[in-house]
Amino acid sequence: MLSAFIPIWLLTGLGYLAARFNLVGAVSADVEAVLGRFVFRVAMPASLFGMLARSDLHALANTSIVAFGVSSLAACGLGLVISTRVFGRDVSNGAVVAMASGYVNSANLGIPVAIQVLGNAAFLSTVILFNTVLVTPILMTLMGLGDGPSPGIRHRLRGIALLPVHNPIIIASAFGALVSGTHFHVPADVSSALTLLGGAAVPVALITLGMSLYGGSGKGTAKDGSRDASRHTSNDAYTSAENSSIASENLNPEQRIEKSRIAEAAIALTLKIALQPVLAYLLARYALDLSGRDVLAVTLCAALPTAQNVFIYASEYALDTVFARNAVIFSTVTSMAGLWTVVALLK
Numbered sequence: 001m002l003s004a005f006i007p008i009w010l011l012t013g014l015g016y017l018a019a020r021f022n023l024v025g026a027v028s029a030d031v032e033a034v035l036g037r038f039v040f041r042v043a044m045p046a047s048l049f050g051m052l053a054r055s056d057l058h059a060l061a062n063t064s065i066v067a068f069g070v071s072s073l074a075a076c077g078l079g080l081v082i083s084t085r086v087f088g089r090d091v092s093n094g095a096v097v098a099m100a101s102g103y104v105n106s107a108n109l110g111i112p113v114a115i116q117v118l119g120n121a122a123f124l125s126t127v128i129l130f131n132t133v134l135v136t137p138i139l140m141t142l143m144g145l146g147d148g149p150s151p152g153i154r155h156r157l158r159g160i161a162l163l164p165v166h167n168p169i170i171i172a173s174a175f176g177a178l179v180s181g182t183h184f185h186v187p188a189d190v191s192s193a194l195t196l197l198g199g200a201a202v203p204v205a206l207i208t209l210g211m212s213l214y215g216g217s218g219k220g221t222a223k224d225g226s227r228d229a230s231r232h233t234s235n236d237a238y239t240s241a242e243n244s245s246i247a248s249e250n251l252n253p254e255q256r257i258e259k260s261r262i263a264e265a266a267i268a269l270t271l272k273i274a275l276q277p278v279l280a281y282l283l284a285r286y287a288l289d290l291s292g293r294d295v296l297a298v299t300l301c302a303a304l305p306t307a308q309n310v311f312i313y314a315s316e317y318a319l320d321t322v323f324a325r326n327a328v329i330f331s332t333v334t335s336m337a338g339l340w341t342v343v344a345l346l347k
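Residue 136 in the UniProt record's numbering sits at position 136 of the sequence shown, with consecutive numbering throughout.
Pasting the structure below:
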């Protein structure tokens, strides 16, 4: 199972080295912003469109996905409520915490883990479909709400309704689902081009994540690529006493996690690594009475770490990239023990 993690660490490390030694020949923060936008606006939409266009949407009518889906939505929901109600986040940054709490790395890590443990990735394809069709649009809509003055209810509802129209990931997913539902055949040349382009999404996202580990990234990447510290600070909406603990950007990633965020980060990590797989197991085993192999598949997938998508999305919306980045790193490290435990107990 360890081999499934190696490509993640190698590509993340490559991104760090590229920034550390200025291998890209430009200011690393600017390159990081451009690469993040490329993943969000070009490569990831191509990947999601191609995946959904080839998918069978009927796979969502699956008892096992109910157990996984409820555990995922519950973890995300708790993360959102705790972040906004207890730690004073706005809804946009609360959605980042929610995603870190319950959105699993189902593709580049989940697939090799599933193949090694289960012998195939059939259930993982359903998990990817669930995340893409249901969870992603909800969380990205929340991220896009912003933190400006609250308009009237009519304007607020209109803004929420129009958010998906301006989001390339949601648009690509919708068109992919439409192609799948209508059984339209995408021309082979177009499909090949999309596959090549979409293949860049995961490695470039991991390299971007690695670059953010060097040089004090994480101040919230504005949509024009500039680094906007003031917005990042206002988005956090913590009390003045907590804000006084903000660390210098020259500190390493662990030191940059402000003291006031340690509890929030620990809770999000607990929701992702402990609560979600335990809840998934209880639902699969006792509520839905699934077979032993299905219980293993559901619990294993729920124990996967936070997807690197959360960092890309937070960067695109100029939200708390420090929290997003560390959620990915820490959950990936700690999930190794959780995955081994699931396999040891259930296989």
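Think of the CB as a built atom: it goes at the ideal place given N, C-alpha and C, for glycine as much as any other residue.
All of these numbers come straight from a predicted model, not from anything done at the bench.
Would you tell me roughly how many angstroms separate the C-alpha atoms of A201 and L10, rounded to the nearest one? For the purposes of this step, residue 201 is taken as the residue at position 201 of the sequence shown. For the purposes of this step, residue 10 is taken as the residue at position 10 of the sequence shown. Roughly 16 Å separates the two Cα atoms.
Using the Cα positions of V91 and V310, report the straight-line distance between them to the nearest angstrom. For the purposes of this step, residue 91 is identified with residue 91 of the sequence shown, where counting begins at 1. For the purposes of this step, residue 310 is identified with residue 310 of the sequence shown, where counting begins at 1. Rounded to whole angstroms, V91 to V310 spans 15 Å at the Cα level.
Is the Cβ-Cβ distance between V24 and A33 less than 8 Å? Walking along the sequence shown from the start, residue 24 turns up at place 24. Walking along the sequence shown from the start, residue 33 turns up at place 33. In this structure, A33 does not lie closer than 8 Å to V24 by Cβ.
Closest by C-alpha distance to S64, when choosing among S315, L282 and V343: Your numbering for residue 64 matches position 64 in the sequence shown. Comparing Cα positions, the closest option is L282.
Where do the N-terminal and C-terminal ends of the alpha helix (DSSP H) with P112 fall, by residue? Walking along the sequence shown from the start, residue 112 turns up at place 112. Segment G110 to L118, the alpha helix (DSSP H) holding P112.
Considering P168, what are the terminal residues of the alpha helix (DSSP H) in which it resides? As a first step, residue 168 is located in the sequence shown; it is residue number 168 there, counting from the start. Note, P168: alpha helix (DSSP H), P168 to T182.
As assigned by DSSP and simplified to three states, the class of V42: Stepping through the sequence shown from its first residue, residue 42 is reached at position 42. Correct three-state label for V42: helix.
CB of L48 within 8 Å of CB of A172, strictly: For the purposes of this step, residue 48 is taken as residue 48 along the sequence shown, with counting starting at 1. For the purposes of this step, residue 172 is taken as residue 172 along the sequence shown, with counting starting at 1. Result yes, Cβ atoms of L48 and A172 sit closer than 8 Å.
Reduced DSSP category for V204 - H, G, I as helix; E, B as strand; rest coil: To locate residue 204, count along the sequence shown from 1; it is residue 204. Reduced to three states, the DSSP call for V204 is helix.
From G13 to G210, what does the alpha carbon distance come to, in whole angstroms? Position 13 of the sequence shown, counted from the first residue, corresponds to residue 13. Position 210 of the sequence shown, counted from the first residue, corresponds to residue 210. Between G13 and G210, the C-alpha separation is close to 6 Å.
Backbone secondary structure at V70 - three-state DSSP: For the purposes of this step, residue 70 is identified with residue 70 of the sequence shown, where counting begins at 1. In this structure, V70 counts as helix in the three-state DSSP scheme.
Counting only the same chain and skipping the five closest in sequence on each side, list residues whose C-beta sits under 6 Å from that of V39. Your numbering for residue 39 matches position 39 in the sequence shown. Cβ within range, chain order: A201, V204, A205 and I312.
Beta-carbon proximity list for N105, same chain, < 6 Å, skipping 5 on both sides: Residue mapping note: residue 105 aligns to position 105 of the sequence shown, counting from 1. Answer for N105: L304, P305 and A307, listed in chain order.
Pick from N22, I115, L60 and I82 that is closest to V135, judged by C-alpha positions: Reading the sequence shown from its first residue, position 135 is the one you call residue 135. That would be L60, whose Cα lies nearest to the Cα of V135.
Cα separation between R293 and R158? Along the sequence shown, read from residue 1 onward, the residue named residue 293 stands at position 293. Along the sequence shown, read from residue 1 onward, the residue named residue 158 stands at position 158. R293 and R158: Cα-Cα distance of roughly 45 Å.
So, using beta-carbon positions, are L73 and C301 closer together than 8 Å? Numbered from 1 along the sequence shown, position 73 holds the residue referred to as residue 73. Numbered from 1 along the sequence shown, position 301 holds the residue referred to as residue 301. For L73 and C301, no; Cβs fall outside 8 Å.
Whole-angstrom C-beta distance between V97 and E264, which should lie under 8 Å: As a working note, residue 264 is residue 264 in the sequence shown. As a working note, residue 97 is residue 97 in the sequence shown. With a Cβ gap of about 7 Å, E264 and V97 count as contacting.
Flag R41 as yes when its Cβ comes closer than 7 Å to any non-hydrogen atom of the ligand HEM, and as no otherwise. Of ligands this structure carries none, so the ligand HEM is not represented either.
Cutoff 6 Å; reference A121; Cβ partners in own chain excluding five residues on either side: Numbered from its first residue, the sequence shown carries residue 121 at position 121. Excluding residues within five positions, the ones whose Cβ falls inside 6 Å are I111, A114 and I115.
Based on the DSSP secondary-structure assignment, which residues constitute the bridge partners of V104? In the sequence shown, counting from the first residue as 1, residue 104 sits at position 104. Per DSSP, T306.
Could you tell me if N93 is buried or exposed, where buried requires 16 or more neighbouring beta carbons within 10 angstroms of its beta carbon? As a position in the sequence shown, residue 93 is number 93, starting the count at 1. Flag for N93 reads buried.
For a quick check, are the C-beta atoms of S180 and L57 less than 8 Å apart? Within the sequence shown, residue 180 is the residue found at index 180, counting from 1. Within the sequence shown, residue 57 is the residue found at index 57, counting from 1. Yes, these two residues count as a Cβ contact at 8 Å.
Rounding to the nearest angstrom, what Cα-Cα distance links A324 and A100 in this structure? Within the sequence shown, residue 324 is the residue found at index 324, counting from 1. Within the sequence shown, residue 100 is the residue found at index 100, counting from 1. Cα-Cα distance, rounded: 7 Å.
Put S291 into one of helix, strand or coil per three-state DSSP. Here residue 291 corresponds to residue number 291 of the sequence shown, with the count starting at 1. In the structure shown, S291 sits in coil (DSSP, three-state: anything other than H, G, I, E or B).
Backbone CA spacing between G79 and I267 [nearest angstrom]: As a position in the sequence shown, residue 79 is number 79, starting the count at 1. As a position in the sequence shown, residue 267 is number 267, starting the count at 1. The alpha-carbon atoms of G79 and I267 are separated by roughly 8 Å.
A4 lies in the alpha helix (DSSP H); which residues open and close that run? Position 4 of the sequence shown, counted from the first residue, corresponds to residue 4. Taken as a continuous stretch (DSSP letters only), the alpha helix (DSSP H) holding A4 covers L2 to R20.
Within the continuous alpha helix (DSSP H) that includes A324, where are the two ends? Your numbering for residue 324 matches position 324 in the sequence shown. Note, A324: alpha helix (DSSP H), T321 to L346.
Going by DSSP in three states, D189 sits in which element: helix, strand or coil? Here residue 189 refers to the residue found at position 189 when the sequence shown is read from its first residue. Here D189 sits in helix by DSSP.
Can you check whether the CB of L271 is closer than 8 Å to the CB of G119? Here residue 119 refers to the residue found at position 119 when the sequence shown is read from its first residue. Here residue 271 refers to the residue found at position 271 when the sequence shown is read from its first residue. Contact: no.
Run the CB neighbour count on A165, radius 10 Å, all protein chains shown included, and call it buried at 16 or more, exposed below. The residue you call residue 165 lines up with position 165 of the sequence shown. Residue identity differs from the one stated: residue 165 is Val in this sequence, not Ala. Looking at its Cβ environment, which holds fewer than 16 other Cβ atoms inside 10 Å, V165 is exposed.
Going by C-alpha to C-alpha distance, which of S331, V342, T321 and L346 sits closest to M143? Position 143 of the sequence shown, counted from the start, is the residue given in the question as residue 143. Measuring from the Cα of M143, the nearest candidate turns out to be T321.
Inter-residue spacing [alpha-carbon to alpha-carbon] between L35 and N22: Locating residue 35 in the sequence shown gives position 35, where the first residue counts as 1. Locating residue 22 in the sequence shown gives position 22, where the first residue counts as 1. Their Cα atoms are separated by approximately 15 Å.
Proximal residues to A4 (C-beta, below 8 Å), its chain only, five neighbours per side dropped: If you number the sequence shown from 1, residue 4 lands on position 4. The residues are L109, P112, V113 and Q116.
Look up N93 in the DSSP assignment and say whether it is helix, strand or coil. As a first step, residue 93 is located in the sequence shown; it is residue number 93 there, counting from the start. Reduced to three states, the DSSP call for N93 is helix.
Nearest residue (CA-CA) to R41, options L178, G198 and V328: Position 41 of the sequence shown, counted from the first residue, corresponds to residue 41. Comparing Cα-Cα distances from R41 to each of L178, G198 and V328, the minimum goes to G198.
Taking C-alpha atoms, which residue in M51, L2 and A75 lies nearest to F277? In the sequence shown, residue 277 corresponds to position 277, counting from 1. One point to set straight first is that residue 277 is Pro, not Phe, in the sequence displayed. Out of M51, L2 and A75, A75 has the C-alpha closest to the C-alpha of P277.
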